Amino acid sequence: MHLKKPTPGDVIAGISVALLALPQGLAYAELAGMPAQYGLFAAGFPSLLAAIFASSPYLQTGPVALTALLTFGALQGIAEPFSGEYIELAALLALMVGVIRLFLGICKMGFIAVLLTDAVVLGFTTGAAILIISSQLPKSLGLENLSGGIISSGWEAITSPNQWEAGSILFSLGTIFVLFGGKLIHRLFPGVLVAVISGILISNLISYDGPVVGEIKGGFVPFKFSFDWGSTWELMFPAIVIAIIGFAEPASIAKTFSKDHKSAWNPNKEFVSQGVANLAAALSNAFPVGGSFGRSSLNKFAGAESPWSGAITGAFVLVVLPFTSVLSELPNAILGATVIGAVIKLIIPSNFINLIKSRPRQALIAIGTLLATILTSPRIDRGIIIGLILSLVNYLFERFKG
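In terms of my numbering, the sequence shown opens at residue 656 and continues consecutively.
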């Protein structure tokens, strides 16, 4: 971290991001198959400690949708989501991801972040976004306890209007309206915060009897120093995939902001930063974390000038943890709509159309990766592997053809 003192902009930005990280943490924890309060633990110390080693002044670290879905894919076949065993494995997975990223950073292997081709990243992120939206549709429509996979549950939700819960639909529509309509008022409009506060007030005012978050223990972070080492080898491949694939998001954020402001960013330092963040997540009894596009953008626009803003975000979350029980009456639909609103922008059909026109073979790789990601869900890490194989085949074809 830079030695200079935090500026007023850092303080304002850090607190602003924290207010967004709290409800997002709840939503992404459930996406990862974890009890909601563990998303709050993932937003505290990981954000605070990552800031010490970060090279980007804007990057915000904590629970994110893509890493949460990768976590669910890695663990759901080993243990029952939301169970004690599952929580144990999630912390071990975070520890392994942290060690791998730390190793890559210390060994100055940041270049590995650019090995994924644009076509593979496009196909994978689009496929992951579709899966994330599908996973949140039942929650947004008020359906509970659906059986089947992610896609089948999403399809069942939208084709079963007789089971829709009116209150959930209204809360979802209201959340989407606030998220996107608020941006028309000002780009920094705190849509998630407004939706959450309004949702809690309305829920209590009308004694809403639909699905809500439920009891949140809050309190302080339950530090964890022992792990279920017996599952280490079983989690090794998913940990490597999350460590590398999940790093693409924070690397992209830091690189983009670096270009905009002609400032330097160091991928090796970011690997160390993200490694430390995941070690902190493991010790916080949470799940793997990463860099957030939405929260990093808010951080930048709210006036952040140094990594101090990330540290302030983490510290603020830790301070308010004992009071997060007020979120227990938050309707589940608001969390579902929040996740949908955050990832829907990752689905950009025009990118595929442009690729088809300009580079047909790369378009095939992108489409193949997209389909592989969806068809192999929830083990979406396999979608990446298939995408890489397609890229390798294309590379060999071009090489021998030439």
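We put the CB at the ideal spot given by N, CA and C, even for glycine. These figures come from a predicted structure and were not determined experimentally.
Proximity below 9 angstroms, CB of residue i to CB of residue j
i: Leu-704; j: Val-981; result: no
i: Ile-1067; j: Gly-958; result: Given that the chain is displayed from residue 656 to residue 1057, the structure contains no residue 1067 and the question cannot be resolved.
i: Ile-899; j: Ile-1041; result: no
i: Val-775; j: Ile-1029; result: no
i: Ala-746; j: Pro-718; result: no
i: Ser-858; j: Val-867; result: yes
i: Phe-882; j: Glu-743; result: yes
i: Ala-812; j: Leu-798; result: yes
i: Thr-726; j: Pro-905; result: no
i: Ser-928; j: Ile-755; result: no
i: Ser-789; j: Ile-761; result: no
i: Leu-796; j: Ile-840; result: no
Alpha-carbon to alpha-carbon, residue j and residue i
i: Gly-991; j: Ser-1005; result: 26 angstroms
i: Leu-674; j: Pro-793; result: 26 angstroms
i: His-657; j: Ser-808; result: Note that His-657 has pLDDT 49, beneath the 50 cutoff, so the model's placement of it is unreliable and the number below is only indicative. Between His-657 and Ser-808, the C-alpha separation is close to 47 angstroms.
i: Ala-684; j: Phe-948; result: 17 angstroms
i: Ile-995; j: Val-851; result: 15 angstroms
i: Leu-1047; j: Ile-1020; result: 10 angstroms
i: Asn-1049; j: Phe-1007; result: 18 angstroms
i: Val-849; j: Trp-888; result: 44 angstroms
i: Leu-724; j: Pro-1033; result: 8 angstroms
i: Gln-791; j: Leu-721; result: 13 angstroms
i: Ala-1018; j: Leu-1051; result: 17 angstroms
i: Pro-845; j: Ser-862; result: 25 angstroms
i: Phe-758; j: Pro-943; result: 16 angstroms
i: Met-751; j: Pro-678; result: 26 angstroms
i: Leu-890; j: Leu-748; result: 7 angstroms
i: Gly-765; j: Leu-695; result: 29 angstroms
i: Ile-670; j: Val-847; result: 14 angstroms
i: Thr-814; j: Pro-962; result: 46 angstroms
i: Ile-855; j: Leu-1025; result: 37 angstroms
i: Ile-1011; j: Ile-897; result: 29 angstroms
i: Ala-988; j: Trp-819; result: 11 angstroms
i: Arg-1037; j: Gly-778; result: 13 angstroms
i: Gly-680; j: Ala-894; result: 21 angstroms
Residue i: first and last residue of the uninterrupted alpha helix (DSSP H) it sits in
i: Ser-952; result: 948-956
i: Ala-734; result: Element bounds for Ala-734: n/a, residue is neither H nor E.
i: Val-849; result: 846-860
i: Gly-930; result: 922-938
i: Asn-1009; result: 1004-1013
i: Asp-773; result: 773-796
i: Val-972; result: 963-975
i: Thr-830; result: 821-840
i: Arg-1037; result: 1036-1056
i: Thr-887; result: 887-900
i: Ile-805; result: 805-813
Integer Cβ distance of residue i from residue j, believed to fall under 8 angstroms
i: Ile-1035; j: Gly-728; result: 5 angstroms
i: Ser-983; j: Leu-714; result: The Cβ separation is near 31 angstroms, so there is no contact.
i: Gly-965; j: Ala-676; result: Incorrect: roughly 10 angstroms between the Cβ atoms, too far for contact.
The stretch 728-747 contacting the stretch 689-697, beta-carbon criterion three pairs below 8 angstroms: yes
Validate contact between the stretch 818-836 and the stretch 963-974 using beta carbons, cut 8 angstroms, 3 pairs: no
Cβ contact (3+ pairs, closer than 8 angstroms) linking the stretch 998-1012 and the stretch 776-792: yes
At least three beta-carbon pairs within less than 8 angstroms, the stretch 871-889 to the stretch 935-942: yes
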